[in-house]
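Below: one structure, written as structure tokens.
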Amino acid sequence: MSLLGRKNTSNAAGCSCLPSLKYPCPNKLITYSVAAGMDQVAEYLEGLSFNEDDLAYLRSLGLFSEGFLAYLKDLRFTGDVVAVREGEIVFPYEPILTVKAPMVQAQLVETAILTFVNHQTLIATKASKICEAAGGGVMEFGLRRAQGADAGIYGARAAMIGGCVGTSNVYAGKLFNVPVSGTMAHSWVMNFHSELEAFRAYARSFPDACLLLVDTYDTLHSGIPNAITVFRELRAAGHEPKGVRLDSGDLAYLSKEARRMLDEAGFENAIVCASGDLDEVSIRSLKAQGAKIDSWGVGTKLITSADLPALGGVYKLAAVFEGGKEIPKIKLSDTTEKITNPGMKEVYRLYDRKTDKAIADYITRAGEEVSSNAPLELFHPVETWKRMTVQNFRVRNLREQLVKGGKRVAPVRTLQEIASYKECEYSRFWEEYTRQDLPHIYKVDLSPALYRLKREMVERQGREE
Numbered sequence: 004m005s006l007l008g009r010k011n012t013s014n015a016a017g018c019s020c021l022p023s024l025k026y027p028c029p030n031k032l033i034t035y036s037v038a039a040g041m042d043q044v045a046e047y048l049e050g051l052s053f054n055e056d057d058l059a060y061l062r063s064l065g066l067f068s069e070g071f072l073a074y075l076k077d078l079r080f081t082g083d084v085v086a087v088r089e090g091e092i093v094f095p096y097e098p099i100l101t102v103k104a105p106m107v108q109a110q111l112v113e114t115a116i117l118t119f120v121n122h123q124t125l126i127a128t129k130a131s132k133i134c135e136a137a138g139g140g141v142m143e144f145g146l147r148r149a150q151g152a153d154a155g156i157y158g159a160r161a162a163m164i165g166g167c168v169g170t171s172n173v174y175a176g177k178l179f180n181v182p183v184s185g186t187m188a189h190s191w192v193m194n195f196h197s198e199l200e201a202f203r204a205y206a207r208s209f210p211d212a213c214l215l216l217v218d219t220y221d222t223l224h225s226g227i228p229n230a231i232t233v234f235r236e237l238r239a240a241g242h243e244p245k246g247v248r249l250d251s252g253d254l255a256y257l258s259k260e261a262r263r264m265l266d267e268a269g270f271e272n273a274i275v276c277a278s279g280d281l282d283e284v285s286i287r288s289l290k291a292q293g294a295k296i297d298s299w300g301v302g303t304k305l306i307t308s309a310d311l312p313a314l315g316g317v318y319k320l321a322a323v324f325e326g327g328k329e330i331p332k333i334k335l336s337d338t339t340e341k342i343t344n345p346g347m348k349e350v351y352r353l354y355d356r357k358t359d360k361a362i363a364d365y366i367t368r369a370g371e372e373v374s375s376n377a378p379l380e381l382f383h384p385v386e387t388w389k390r391m392t393v394q395n396f397r398v399r400n401l402r403e404q405l406v407k408g409g410k411r412v413a414p415v416r417t418l419q420e421i422a423s424y425k426e427c428e429y430s431r432f433w434e435e436y437t438r439q440d441l442p443h444i445y446k447v448d449l450s451p452a453l454y455r456l457k458r459e460m461v462e463r464q465g466r467e468e
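Heads up, the sequence shown is in the working numbering, so the first residue is 4 and it goes up one at a time.
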């Protein structure tokens with residue numbers, strides 16, 4: 004992230020921040036990200052306040068003056084925020100969210116904003132990769148393995164943004180009005196004298212949503228045959244079974260055998276659901292082996308983003324304002340990737356008019372005009388000899404006003420609307436950019452004006468040292 008600033012009437016310095024997704028370093032795990040968490044950012048900023056109990060605790064620490072505590076008592080967030088929409092596809096080094104506020108406010112909200120945006124973006128991105136590998140039909144099953152209750156609830160929200168069709172988290176279903184789904188537990192089966200008795204009891208409870216877990220004892224010699232027996236009884240009573248779930252063993256082989264047995268018994272419409280430490284890698288492998296799986300229950304490796312358990316979004320000062328004048332700021336580092344882009348900025352996406360596919364993202368200084376009426380030369384921000392000229396393109400500003408004067412101004416969108424937006428924008432990228440194996444690196448370039456400012460500030464700081 005980044006900070007921008009302005010003076011206010013108090014003695015505190017003013018600032019505003021632009022949280023931008025900026026990863027520690029590019030690597031094969033990071034091809035793109037699905038932005039999420041902005042709804043919680045807006046909700047948090049609108050409700051920011053300190054009650055008497057909060058102030059009493061801070062006073063007990065012996066660290067703060069009474070004057071400062073009195074200031075906190077009346078503190079409300081009064082700044083502005085611009086951000087990408089939730090569900091937007093974003094790339095490393097882009098400023099996805101900018102806060103412009105008095106310095107004390109912008110600094111105070113840093114950790115909360117990072118928490119909301121980094122966590123939900125991480126899980127939405129992981130879900131997107133898993134759903135792309137599966138081709139749809141992924142259910143989020145991760146609550147029991149989440150890193151705490153909030154991570155389970157908001158992780159489920161993010162998973163739905165990423166493309167999941169349902170969640171086993173009933174509370175998340177209530178909060179966000181999304182489909183809930185799940186199946187019986189092994190403990191249900193083990194609680195009865197026999198597997199068949201357990202299946203019959205479950206079918207009585209859920210005659211129109213009967214999806215049986217068939218691997219408690221022996222999938223092919225017990226589970227599937229007993230399921231077929233109960234399915235025939237359901238059909239005779241006027242109900243159609245939903246299907247079976249496999250949770251262990253050789254899922255490729257077992258799913259093919261389960262499909263064959265169900266089809267031969269006349270239950271061609273019964274689905275085969277698989278679960279058990281799945282992720283995009285194992286799902287692609289199963290599909291390559293010809294697995295006959297219709298639906299996927301993905302838990303641990305989704306809700307924890309097991310291969311990349313934290314997103315490195317950062318929040319850095321980009322400018323301060325004195326007397327209405329912008330003073331750009333830059334953070335330098337021996338690590339090139341950690342050098343920030345200074346000043347107020349905008350982020351544009353260029354699309355080819357013929358294919359409507361994304362060509363590149365273009366970061367400019369605030370106020371720069373990007374016209375699609377003339378050719379535009381792009382160049383790599385580090386290896387500047389790499390250049391291309393784009394023509395016949397349309398351009399879109401990626402960000403919108405989220406909060407103004409401390410109040411939310413962007414519309415509140417349903418999770419279904421956000422997920423649909425994500426799918427629409429995702430479809431505008433060539434598969435070469437979003438694939439997980441040896442992807443093309445999507446172009447994120449700087450305008451000449453921003454590039455010159457950055458270079459001048461780096462060189463000036465070097466001379467001053």
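Glycine included, each C-beta is placed from N, C-alpha and C at the ideal position.
Opposing strand residues paired with residue i [DSSP bridges]
i	result
N400	Y351
S368	The question names Ser, but residue 368 in the sequence shown is Arg. In DSSP, R368 forms a bridge with K348.
W299	V141 and A277
For residue i, the first and last residue of its enclosing beta strand (DSSP E)
i	result
P331	K328 to P331
L381	L379 to F382
G70	Segment E69 to K76 is the alpha helix (DSSP H) holding G70; no beta strand (DSSP E) there.
L215	L214 to L216
G246	G246 to L249
Selected residue, minimal CA-CA separation from residue i, among the options
i	options	result
D297	I92, V141, E89 and G70	V141
G37	F432, L453, S208 and V461	According to the sequence shown, residue 37 is Val rather than Gly. Checking every option, the nearest Cα to that of V37 belongs to F432.
G252	A294, H242, D211 and K245	A294
I338	V385, Q404, L265 and R356	The sequence given here places Thr at residue 338; Ile does not occur at that position. Ranking V385, Q404, L265 and R356 by Cα distance to T338 puts V385 first.
E462	L335, Y256, E91 and L401	L335
G241	V247, V233 and R248	V233
C276	V373, R262, D266 and G269	R262
V257	R235, L289 and D280	Sequence check: residue 257 is Leu here, not Val. Checked all of R235, L289 and D280; the closest Cα to L257 is L289.
V447	H189, F94, W191 and A59	F94
M2	G139, Q150, G151 and S374	Because the chain in this structure spans residues 4 to 468, residue 2 falls outside the shown range and cannot be described.
P378	F396, P105, D42 and P228	F396
I231	L199, Q123 and P345	L199
T128	D364, A159 and E69	A159
K76	V87, E55, G65 and S63	E55
S423	E91, I99 and A204	E91
A452	I306, R238 and K348	K348
Secondary structure of residue i, DSSP reduced to three states
i	result
R390	strand
V284	helix
Y318	strand
I362	strand
F179	helix
A137	helix
S36	strand
K407	strand
E91	coil
F324	strand
T170	strand
E428	helix
D448	strand
E420	helix
T186	coil
N229	helix
H122	helix
T343	coil
CB of residue i within 8 angstroms of CB of residue j, strictly
i	j	result
C213	G165	no
V85	L353	no
G494	D250	Lying outside 4 to 468, the shown extent of the chain, residue 494 is not represented and no answer is given.
A154	E89	no
D83	K407	yes
A175	V168	no
G246	I274	yes
A109	V120	no
A313	L125	yes
T81	A45	no
Residue i at chain B interface by Cβ criterion, 8 angstroms
i	result
L237	The structure shown contains no chain B; it holds only a single protein chain.
Run of the alpha helix (DSSP H) containing residue i, from where it starts to where it stops
i	result
G158	A152 to G165
D42	M41 to E49
H2	There is no way to answer for residue 2, as the model of the chain reaches only from 4 to 468.
S258	L254 to E267
F270	No alpha helix (DSSP H) contains F270, which DSSP labels as neither H nor E.
Y220	Here Y220 belongs to no alpha helix (DSSP H), and DSSP marks it neither H nor E.
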